[in-house]
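**Q**
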Amino acid sequence: MEKKLLLLLFSFACVFPSFSQQGNVILITMDGMRWQEIFTGADTSLLNSKKFTSQDSLTLVKKYAQPDANDRRKMLMPFLWNTIAKDGQIYGNRKYNNFVNVKNRYWFSYPGYNEIFTGYPDTLVNSNKFPANYNENILEFINKQPAYKNKVASFGSWDAFRRILNKERSGIYINDGFDDVPADKSSPAMDVLNKAQHLLPAIYGSEERLDAMTGLMALEYMKLKHPKVLHISLGETDEFAHEGKYDYYLEAAQHNDAIIRLIWEQVQSDPFYKNNTTLLLTTDHGRGLNDLWTSHWSDVPNSNEIWFAVIGKNIAAKGEMKNEGQLYQQQFAQTIAYLTGIEFKTNHPVGEKISILFK
Ligand SMILES: [Zn+2]
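Sequential numbering of the sequence shown, starting at 216, is according to my numbering.
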């Protein structure tokens, strides 16, 4: 490049910010997905355990077992490792002292999602049965910006998001539990999904639908309505883990990976989203070690340990982060705000944005 041109570009770079934000954001959460499986794939001792598996053992070995942890994690979540962790960034591998933790003291779902969406690990938010959240969340804050008005949506498998995100007050479109997508937001494909979710076995009871339904409804909603900020909450990993079904927990992770791939492929194929969208992937809490992998709670050590991954607009392809560091769940809300070009200011404290993503 000519020296003069370089000089000209340099002076421009000084005048203008390094990039314009105001992009689209997709946040996908995998409930209670441990960093251990994210970074090292299937735990061989749990995979071989009769106590925690019921599927055919030879099939399980073919699907998830390899001597090398890097091969195992790719088998478990191929899209995460072949695309997101290659073209984006992934944090939380404790082997490198790269730490991500929840800041709240409870280490279960509602307090975790509250921390993600409000940036504030509020000690008073202490139960999964907690009523409508009085804390303002980043999704409703973004929805108040003119450029994002009525362009913010949340799809969740668990029917608690209507409370966590305060459906009544927030004014954002929330579809959780077994909600049907209403006619004004529907299509022939959505109509099939609306019907299908009531005809499949409700294996987690009446409060939570299957992740395939949540993921495909969100995907169809992207095609129809082009939300600029979209949250998708998947829940199967946590459900199967609590039931002590390690093989089904792994299968849920693999299915979630496939859903994430579909969402990202839609981003790439739609000019509305392409080159203007950031995907953030994380979890609400960790889980215990060894036989305690089924559980998480403040009295289950290590279940405050989490991870996250990010890919998209203005995110450098740094891959797996191997530097020492400590990040917290309370930093996601301000990071999401930054990706939409605003600062999240509200009547409670908000964790600072994750600046290292953009360096
Ligand atoms: Zn749980």
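Ideal Cβ placement from N, Cα and C applies to all residues, glycine included.
Since we're looking at a predicted model, the values are computed, not measured.
1. Return helix, strand or coil for W373, following the three-state DSSP convention.
2. Buried or exposed, going by whether 16 or more other CB atoms sit within 10 Å of the CB of Q412?
3. What's the gap between the Cα of D462 and the Cα of R288?
4. DSSP beta-bridge partners for V315?
5. From L494, G459, H500, pick the residue whose C-alpha is nearest to that of S269; which is it?
6. Do you know how far the Cα of L554 is from the Cα of G503?
7. Evaluate the contact criterion for the segment 539–547 versus the segment 329–344: three or more CB pairs, one atom per stretch, below 8 Å.
8. Note down the Cα distance separating F376 from N312, rounded to an integer number of angstroms.
9. For I243, which of helix, strand or coil comes out of DSSP?
10. Listed by chain order, which residues have C-beta atoms less than 5 Å from any heavy atom of ligand 1?
11. On the three-state DSSP scale, how would you describe Q304?
12. State the DSSP-derived secondary structure class of G392, mapped to helix, strand or coil.
13. Please report the distance separating the alpha-carbon of Y419 from that of K574.
14. Roughly how many whole angstroms lie between the Cα atoms of H470 and L295?
15. Measure the C-alpha to C-alpha separation of I551 and K265 and round it to an integer number of angstroms.
16. Who are the near neighbours of T561 in its chain, counting only those whose CB is closer than 6 Å to its CB and skipping five residues on each side?
**A** Short version:
1. strand
2. buried
3. 15 Å
4. L542
5. G459
6. 33 Å
7. yes
8. 33 Å
9. strand
10. G247, D453
11. strand
12. coil
13. 42 Å
14. 12 Å
15. 42 Å
16. E351
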